[in-house]
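A.B. asks:
Protein chains in written order, with our numbering: chain A, 1 to 115; chain B, 1001 to 1110.
Shown next as structure tokens:
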């Protein structure tokens, strides 16, 4: 069974640019969550999508957005990049909304560097 | 606000030297507490879910326990392949997101 696939794995952008990250969940999983991981803040919740609808959102500015397609694949977008957006962006999929068992399946992440 | 604090930040052990990692939490009604393992360059990998005080879960050399204020991850006779960052997370009642701690970076020397 294929795992969660995230693309691209690495990317470098400059301040002010925008970036789109992609996530393909495990087949059959309908929930996709996004997390930002930095050395200082650890893993922080960005948002969760289920059945193409954003169901929950973390405390991030509106520059961070996402969407989910009918095949459960998800994208997140960050506009007007800032240096502080440099991080590992992790996508996680689960069968159910909110993953009541806590069992999230994470991808390997997209490492974004903003110069 | 829900909070998770893990200690120590880093821990070095010799192979076979047992120890425990701590996860203290404050949450407005606990739905579940979760342990994950993260290897360098990889995403976190799910280990355990604990739902109520007194509950214990085991997997190979790992055992997780839960009280009303904290959880422990006990590592018995660890091997070098147990080296990783161990993350603790909580989910509040009625919430969907997980709130993670900063993690404990565990190194097992052969």
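C-beta: ideal position from N, C-alpha, C; glycine also.
Which complete beta strand (DSSP E) runs does the region 1043 to 1082 of chain B hold, if anything under 3 residues is left out?
C.D. replies: Listed in chain order, the complete beta strand (DSSP E) runs (minimum 3 residues) inside the region 1043 to 1082 of chain B are 1045 to 1050, 1056 to 1059, 1062 to 1066, 1070 to 1075.
A.B. asks: Residues of chain B with CB closer than 9 Å to the CB of residue 48 (chain A), please, in chain order.
C.D. replies: What residue 48 (chain A) touches in chain B: 1096, 1097.
A.B. asks: Please state whether DSSP places residue 66 (chain A) in a helix, a strand or coil.
C.D. replies: Residue state, collapsed to three classes: strand.
A.B. asks: Which residues in chain B have a C-beta closer than 9 Å to the C-beta of residue 109 (chain A)? List them in chain order.
C.D. replies: What residue 109 (chain A) touches in chain B: 1041, 1042, 1043.
A.B. asks: Between which residues of its own chain and residue 1008 (chain B) is the CB-CB distance below 7 Å, once the five residues before and five after are set aside?
C.D. replies: Same-chain partners within the cutoff: 1104.
A.B. asks: How do the region 18 to 37 of chain A and the region 75 to 83 of chain A stand: do at least 3 beta-carbon pairs fall below 8 Å, yes or no?
C.D. replies: A contact exists between the region 18 to 37 of chain A and the region 75 to 83 of chain A.
A.B. asks: Would DSSP call residue 81 (chain A) helix, strand or coil?
C.D. replies: Reduced to three states, the DSSP call for residue 81 (chain A) is coil.
A.B. asks: Scan the region 49 to 83 of chain A for residues whose Cβ lies nearer than 7 Å to a Cβ of chain B and list them as they occur along the chain.
C.D. replies: Listed in sequence order: 55, 56, 58.
A.B. asks: Please identify the residue among B:1068, B:1099, B:1087, B:1072 whose C-alpha is closest to the C-alpha of residue 1018 (chain B).
C.D. replies: The residue with the shortest Cα to Cα distance from residue 1018 (chain B) is B:1072.
A.B. asks: Alpha carbon to alpha carbon, how far is residue 5 (chain A) from residue 95 (chain A)?
C.D. replies: Cα to Cα, residue 5 (chain A) sits roughly 16 Å from residue 95 (chain A).
A.B. asks: For residue 1059 (chain B), does the count of other Cβ atoms within 10 angstroms reach 16, so buried, or fall short, so exposed?
C.D. replies: Exposed.
A.B. asks: Would the region 1001 to 1016 of chain B and the region 47 to 57 of chain A be scored as touching if the rule is three or more Cβ pairs under 8 Å?
C.D. replies: The region 1001 to 1016 of chain B vs the region 47 to 57 of chain A: no contact.
A.B. asks: Under the three-state reduction of DSSP, which class applies to residue 104 (chain A): helix, strand or coil?
C.D. replies: In this structure, residue 104 (chain A) counts as coil in the three-state DSSP scheme.
A.B. asks: Compile a chain-ordered list of the residues in the region 25 to 43 of chain A whose CB is closer than 7 Å to at least one CB of chain B.
C.D. replies: The residues in question are 42, 43.
A.B. asks: Between residue 1003 (chain B) and chain A, is any beta-carbon pair separated by less than 9 Å?
C.D. replies: No - not a single Cβ of chain A is within 9 Å of the one on residue 1003 (chain B).
A.B. asks: Do residue 1100 (chain B) and residue 35 (chain A) have their C-beta atoms within less than 9 Å of each other?
C.D. replies: Taking 9 Å as the Cβ cut-off, residue 1100 (chain B) and residue 35 (chain A) qualify as a contacting pair.
A.B. asks: List the endpoints of the continuous beta strand (DSSP E) containing residue 1092 (chain B).
C.D. replies: Element bounds for residue 1092 (chain B): 1084 to 1092.
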